[in-house]
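Enquirer: Those protein sequence lines, which keep their order, are chains A and B.
Going by my numbering, the first residue of the first sequence is number 508, and it counts up by one from there.
Going by my numbering, the first residue of the second sequence is number 508, and it counts up by one from there.
Just so you know, even glycine gets a beta-carbon here, dropped at the ideal spot from N, CA and C.
Protein chains: 2
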Amino acid sequence: MGTITKEQIAALYQQAQDAICAQLELADGKAKFMEEIWERDGGGGGRTRIMQHGNAIEKGGVNFSAVHGELPEKIMQALRVTDNRFFATGVSIVQHPVSPMVPIIHMNVRYFELGTGEWWFGGGIDLTPHYIVEEDAHWFHAQLKAICDKYDVGYYPRFKAWADDYFFIEHRGETRGVGGIFYDRQQGDGSPEAKKRLLDFSLELADIFGFIYTTMIARNSHKTWTEREKQWQLLRRGRYVEFNLVYDKGTKFGLDTQGRIESILMSLPEQAGWFYDFKPEVGSAEENTLKLLRKGLDWC
Amino acid sequence: MGTITKEQIAALYQQAQDAICAQLELADGKAKFMEEIWERDGGGGGRTRIMQHGNAIEKGGVNFSAVHGELPEKIMQALRVTDNRFFATGVSIVQHPVSPMVPIIHMNVRYFELGTGEWWFGGGIDLTPHYIVEEDAHWFHAQLKAICDKYDVGYYPRFKAWADDYFFIEHRGETRGVGGIFYDRQQGDGSPEAKKRLLDFSLELADIFGFIYTTMIARNSHKTWTEREKQWQLLRRGRYVEFNLVYDKGTKFGLDTQGRIESILMSLPEQAGWFYDFKPEVGSAEENTLKLLRKGLDWC
Numbered sequence: 508m509g510t511i512t513k514e515q516i517a518a519l520y521q522q523a524q525d526a527i528c529a530q531l532e533l534a535d536g537k538a539k540f541m542e543e544i545w546e547r548d549g550g551g552g553g554r555t556r557i558m559q560h561g562n563a564i565e566k567g568g569v570n571f572s573a574v575h576g577e578l579p580e581k582i583m584q585a586l587r588v589t590d591n592r593f594f595a596t597g598v599s600i601v602q603h604p605v606s607p608m609v610p611i612i613h614m615n616v617r618y619f620e621l622g623t624g625e626w627w628f629g630g631g632i633d634l635t636p637h638y639i640v641e642e643d644a645h646w647f648h649a650q651l652k653a654i655c656d657k658y659d660v661g662y663y664p665r666f667k668a669w670a671d672d673y674f675f676i677e678h679r680g681e682t683r684g685v686g687g688i689f690y691d692r693q694q695g696d697g698s699p700e701a702k703k704r705l706l707d708f709s710l711e712l713a714d715i716f717g718f719i720y721t722t723m724i725a726r727n728s729h730k731t732w733t734e735r736e737k738q739w740q741l742l743r744r745g746r747y748v749e750f751n752l753v754y755d756k757g758t759k760f761g762l763d764t765q766g767r768i769e770s771i772l773m774s775l776p777e778q779a780g781w782f783y784d785f786k787p788e789v790g791s792a793e794e795n796t797l798k799l800l801r802k803g804l805d806w807c
Numbered sequence: 508m509g510t511i512t513k514e515q516i517a518a519l520y521q522q523a524q525d526a527i528c529a530q531l532e533l534a535d536g537k538a539k540f541m542e543e544i545w546e547r548d549g550g551g552g553g554r555t556r557i558m559q560h561g562n563a564i565e566k567g568g569v570n571f572s573a574v575h576g577e578l579p580e581k582i583m584q585a586l587r588v589t590d591n592r593f594f595a596t597g598v599s600i601v602q603h604p605v606s607p608m609v610p611i612i613h614m615n616v617r618y619f620e621l622g623t624g625e626w627w628f629g630g631g632i633d634l635t636p637h638y639i640v641e642e643d644a645h646w647f648h649a650q651l652k653a654i655c656d657k658y659d660v661g662y663y664p665r666f667k668a669w670a671d672d673y674f675f676i677e678h679r680g681e682t683r684g685v686g687g688i689f690y691d692r693q694q695g696d697g698s699p700e701a702k703k704r705l706l707d708f709s710l711e712l713a714d715i716f717g718f719i720y721t722t723m724i725a726r727n728s729h730k731t732w733t734e735r736e737k738q739w740q741l742l743r744r745g746r747y748v749e750f751n752l753v754y755d756k757g758t759k760f761g762l763d764t765q766g767r768i769e770s771i772l773m774s775l776p777e778q779a780g781w782f783y784d785f786k787p788e789v790g791s792a793e794e795n796t797l798k799l800l801r802k803g804l805d806w807c
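#1: Just reading off the beta strand (DSSP E) that residue 583 (chain A) is part of, what are its end residues?
#2: Using 8 Å as the Cβ pair cut-off and three pairs as the minimum, do the region 736–756 of chain B and the region 778–798 of chain B touch?
#3: Pull the bridge partners of residue 762 (chain B) from the DSSP assignment, please.
#4: Please list, in chain order, the chain A residues whose beta carbon lies closer than 9 Å to that of residue 712 (chain B).
#5: Determine the extent of the alpha helix (DSSP H) in which residue 670 (chain A) is found, giving its start and end residues.
#6: Give me, in chain order, the residues of the same chain whose beta-carbon lies closer than 7 Å to that of residue 763 (chain B); leave out the 5 immediate sequence neighbours on both sides.
#7: To which residues of the same chain is residue 569 (chain A) closer than 6 Å at the C-beta, ignoring the five residues directly before and after it?
#8: Kindly indicate which three-state DSSP category residue 678 (chain B) falls into: helix, strand or coil?
#9: Looking only at DSSP bridge pairs, what is residue 541 (chain A) linked to?
#10: Around the Cβ of residue 553 (chain B), are there at least 16 other Cβ atoms within 10 angstroms (buried) or fewer (exposed)?
#11: For the region 765–792 of chain A, which residues have a CB atom closer than 7 Å to at least one CB atom of chain B, in sequence order?
#12: With DSSP collapsed to three states, give me the class of residue 630 (chain B).
#13: Do you know how far the Cα of residue 618 (chain B) is from the Cα of residue 629 (chain B)?
#14: Pull up the DSSP beta-bridge partners for residue 801 (chain B), would you.
#15: In chain A, which residues lie with their C-beta within 7 Å of the C-beta of residue 557 (chain B)?
#16: Please look up how many angstroms separate the CB atoms of residue 786 (chain B) and residue 607 (chain B), rounded, as I've assumed it's under 8 Å.
#17: Are the C-beta of residue 801 (chain B) and some C-beta of chain C separated by less than 9 Å?
#18: Taking Cβ positions only, does residue 578 (chain A) come closer than 9 Å to chain B?
#19: Would you mind working out which of B:654, B:800 and B:690 sits nearest residue 616 (chain B), comparing C-alpha positions?
#20: Given a limit of 8 Å on CB to CB distance, which residues of the region 566–577 of chain A reach chain B?
#21: Need the endpoints of the alpha helix (DSSP H) that residue 699 (chain A) sits in, please.
#22: Taking Cβ positions, are residue 753 (chain B) and residue 775 (chain B) nearer each other than 9 Å?
#23: Out of curiosity, what's the CA-to-CA distance linking residue 537 (chain A) and residue 716 (chain A)?
#24: In chain order, what residues of the same chain lie with their CB nearer than 6 Å to the CB of residue 719 (chain B), ignoring the 5 residues before and after it?
#25: What residues from the region 670–682 of chain B come within 7 Å of chain A, judged by C-beta to C-beta, listed N to C?
#26: With respect to the alpha helix (DSSP H) encompassing residue 751 (chain A), which residues constitute its N-terminal and C-terminal limits?
#27: In angstroms, rounded to a whole number, what distance separates the CA positions of residue 781 (chain A) and residue 768 (chain B)?
#28: For the candidate residues B:532, B:631, B:676 and B:773, whose alpha-carbon lies nearest to that of residue 561 (chain B)?
#29: Against chain A, which members of the region 733–748 of chain B pass a CB distance test of less than 9 Å?
#30: Drop a sphere of 10 angstroms on the beta-carbon of residue 636 (chain A), count the other beta-carbons inside from all chains shown, and report buried for 16 or more, exposed for fewer.
#31: Of the residues A:804, A:760, A:783 and A:788, which one's Cα is nearest the Cα of residue 543 (chain B)?
#32: Taking only three categories from DSSP, how would you classify residue 639 (chain B)?
#33: Applying the 10 Å Cβ sphere with the 16-neighbour rule, what's the burial state of residue 682 (chain B)?
#34: Do residue 575 (chain A) and residue 592 (chain A) count as a contact pair if the criterion is CB distance below 9 Å?
#35: How would you call residue 614 (chain A), buried or exposed, if buried means at least 16 neighbouring beta carbons within 10 angstroms?
#36: In chain B, which residues lie with their C-beta within 7 Å of the C-beta of residue 762 (chain A)?
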């Protein structure tokens, strides 16, 4: 078996983007993705797809990109690499639903290669319910665990804990949502076989994404809500903005490498709110959700 | 003349907070500040005052704090200091108006002292109109220049340029608004007289703040607006959030020193928006504002 090339990986990720967009349009039933093809000054480009004002999705992005060029010094230090020539390709998704009863979801799969030929995979999926439904969280984690276990029974416990640590809003002392999985710099033993396996793993995640999110929509979109739930949604979206602008490494990488701003920041919701010193009522659904925004909960 | 103590400076800044709050309540005519007295685990505390849902002010904060303790390693490096014992006191203000025709305003004056006795002042005022009114920008800068000139004719040109560089949203290539003045680590010749002068300068800025902002409200709050202007306001507030979470040093300092989150993030608007790839109409007021969000414009 020959080694898979970065161009092949990029092509597969682009196909994954197509498949996901088709599933989301079908689930939404109203909105269609608009597409923007862009080129990056330093090399490469991408295909940004945004869906807005749908039945289920208020604002959602499914981005594909394959960029290359030279890493700025700052990024080289952060990555602890000595070669500045890089290639990066991936699919990045964030969906902000209309209904506060439907969770926000994020997925990213990516492949990174240096000029020296050193390569690795990274990715993750995490779910951010405005209102945590415990059985949904269990179900969500079970889907991810099933895929992880097919590849390595060590993956789920490791990547689940990694997600808890990564999707954490340090200054609030809360997790972004119910977590999921997160992994970075995976290269196995560095062999062509390891590369193929890690690619397949990422493609399976991309493949199940549509099923996961359409299920989340189907399970929750019939629930009624009032102004109160909408306000809480705005507040939770505010936290999402805080995470993305303060901590998210993908966002930082994009901003630091002069990526296309509108593509990088498609992850931000159409509207978000900050209500000073909001305290949920004792025993309320909002309070219950806050209590569950913790690391280390076993959802499986 | 004896040297002014840090406690005296803190007391004067606390008085400045009182005076500003009284002026803003009067100008608003409806909302009153609510107060939160807080203590910081590591030492010191503050008095946060928030006004919400007024006639003119949708959400505004006027914070006083006087904190001390030990600087985290990260901050010591950023400040390039070798002593980790610090004292910091200041007043920090952000006002988000109801009307998109009234500008957002920010002011901060602060005093910093190390365990070694080394001290400096910092501060700034900047104006962020959702719609730039050129004569208001001229007037605003003229007020600041008049105060600067009383102390040092070199201040205004230097501090105005510093504000252009500081209040800049790098990833958007736009300034936050029409700028103002910004300064940091001012210690003159380090003498007690220099300290007194820099303190007086900061107190004059705090003193004129109420007049400046009530004038901005008076000049613009009678203007009518529609859903279109409100949407644009949400978008501009989104940019404000981006600046504060990605670049603002005060916010970073607060988050890194485990400050009180609700006080630090009172600068964020009650609602903000991100509309994918928004392009203003050619010749519109929105486009005109975007064109003026540039460094180096001479507003005096």
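Expert: Well, looking at it:
#1: By one-based count along the first sequence, residue 583 (chain A) stands at place 76. Note, residue 583 (chain A): premise wrong, no beta strand (DSSP E); alpha helix (DSSP H) at 580–586.
#2: Judged by Cβ distances under 8 Å, the region 736–756 of chain B makes contact with the region 778–798 of chain B, as three or more pairs qualify.
#3: Against the second sequence, residue 762 (chain B) aligns to sequence position 255. Answer is none; residue 762 (chain B) lacks a bridge partner.
#4: The residue given as residue 712 (chain B) occupies position 205 in the second sequence. Residues of chain A passing the Cβ test: none, with the nearest at roughly 25 Å.
#5: Within the first sequence, residue 670 (chain A) is the residue found at index 163, counting from 1. Start and end: 662–673.
#6: If you number the second sequence from 1, residue 763 (chain B) lands on position 256. Its chain contains 579, 581 and 582 as the residues whose beta carbon lies nearer than 7 Å to that of residue 763 (chain B), once the 5 sequence neighbours on both sides are disregarded; these appear in chain order.
#7: Here residue 569 (chain A) is taken as the residue at index 62 of the first sequence, counted from 1. Taken in chain order, the residues that qualify are 524, 527, 528, 556 and 600.
#8: For this step, residue 678 (chain B) is matched to residue 171 along the second sequence. In the displayed model, residue 678 (chain B) falls within coil according to three-state DSSP, outside both helix and strand.
#9: Taking the first residue of the first sequence as position 1, residue 541 (chain A) is located at position 34. For residue 541 (chain A), which the question treats as bridged, DSSP gives the partners A:557.
#10: In the second sequence, the residue the question calls residue 553 (chain B) occupies position 46. Residue 553 (chain B) is classed as buried because its beta carbon has at least 16 other beta carbons within 10 Å across all chains shown.
#11: Taking 7 Å as the Cβ-Cβ cut-off against chain B, the residues of the region 765–792 of chain A that qualify are 768, 769, 772, 773, 775, 776, 777, 778, 779, 780, 781, 782, 783 and 784.
#12: In the second sequence, residue 630 (chain B) corresponds to position 123, counting from 1. Secondary structure at residue 630 (chain B): strand, using DSSP grouped into helix, strand and coil.
#13: Residue mapping note: residue 629 (chain B) aligns to position 122 of the second sequence, counting from 1. Residue mapping note: residue 618 (chain B) aligns to position 111 of the second sequence, counting from 1. Their backbone Cα atoms lie some 6 Å apart in a straight line.
#14: Numbered from its first residue, the second sequence carries residue 801 (chain B) at position 294. DSSP lists no beta-bridge partner residue for residue 801 (chain B).
#15: For the purposes of this step, residue 557 (chain B) is taken as residue 50 along the second sequence, with counting starting at 1. Ordered by position in chain A, the residues that pass the 7 Å Cβ test against residue 557 (chain B) are 783.
#16: By one-based count along the second sequence, residue 786 (chain B) stands at place 279. By one-based count along the second sequence, residue 607 (chain B) stands at place 100. Under the criterion of beta carbons closer than 8 Å, residue 786 (chain B) and residue 607 (chain B) do not qualify as touching, at roughly 18 Å.
#17: No chain C is present in this structure, whose protein chains are A and B.
#18: The residue you call residue 578 (chain A) lines up with position 71 of the first sequence. Not an interface residue.
#19: As a first step, residue 616 (chain B) must be located in the second sequence, where it is residue number 109. If we check each option's Cα against that of residue 616 (chain B), B:690 comes out closest.
#20: The residues in question are 566 and 568.
#21: Sequence index remark: in the first sequence, residue 699 (chain A) carries index 192 (1-based). Note, residue 699 (chain A): alpha helix (DSSP H), 699–727.
#22: The count along the second sequence starts at 1 and reaches residue 753 (chain B) at position 246. The count along the second sequence starts at 1 and reaches residue 775 (chain B) at position 268. No. Outside cutoff.
#23: Position 30 of the first sequence, counted from the first residue, corresponds to residue 537 (chain A). Position 209 of the first sequence, counted from the first residue, corresponds to residue 716 (chain A). Roughly 20 Å between the two C-alpha positions.
#24: Within the second sequence, residue 719 (chain B) is the residue found at index 212, counting from 1. Closer than 6 Å at the Cβ level, and outside the excluded window around residue 719 (chain B), lie 650.
#25: Within the region 670–682 of chain B, the qualifying residues are 678 and 679.
#26: Residue numbering aside, residue 751 (chain A) sits at position 244 when the first sequence is read from its first letter. From DSSP, the alpha helix (DSSP H) with residue 751 (chain A) extends over 734–753.
#27: Start at 1 with the first residue of the first sequence, and residue 781 (chain A) comes out as number 274. Start at 1 with the first residue of the second sequence, and residue 768 (chain B) comes out as number 261. So the alpha carbons of these two residues sit roughly 12 Å apart.
#28: Here residue 561 (chain B) refers to the residue found at position 54 of the second sequence. Out of B:532, B:631, B:676 and B:773, B:532 has the C-alpha closest to the C-alpha of residue 561 (chain B).
#29: Against chain A - using a Cβ distance shorter than 9 Å - the residues of the region 733–748 of chain B are 741, 745 and 748.
#30: Reading the first sequence from its first residue, position 129 is the one you call residue 636 (chain A). With 16 or more other Cβ atoms within 10 Å, it is buried.
#31: Numbered from 1 along the second sequence, position 36 holds the residue referred to as residue 543 (chain B). Of the candidates A:804, A:760, A:783 and A:788, the residue whose Cα lies closest to the Cα of residue 543 (chain B) is A:783.
#32: In the second sequence, counting from the first residue as 1, residue 639 (chain B) sits at position 132. Looking at residue 639 (chain B) - three-state DSSP - the assignment turns out to be coil, as it is neither helix nor strand.
#33: As a working note, residue 682 (chain B) is residue 175 in the second sequence. By the neighbour-count rule (16 or more Cβ atoms within 10 Å), residue 682 (chain B) is buried.
#34: Here residue 592 (chain A) is taken as the residue at index 85 of the first sequence, counted from 1. Here residue 575 (chain A) is taken as the residue at index 68 of the first sequence, counted from 1. It is a contact, given that the beta carbons lie within the stated cut-off.
#35: Against the first sequence, residue 614 (chain A) aligns to sequence position 107. Residue environment: residue 614 (chain A) is assigned as buried (16 or more neighbouring CB atoms within 10 Å of its CB, all protein chains considered).
#36: The count along the first sequence starts at 1 and reaches residue 762 (chain A) at position 255. In chain order, 678 make up the part of chain B whose C-beta sits under 7 Å from the C-beta of residue 762 (chain A).
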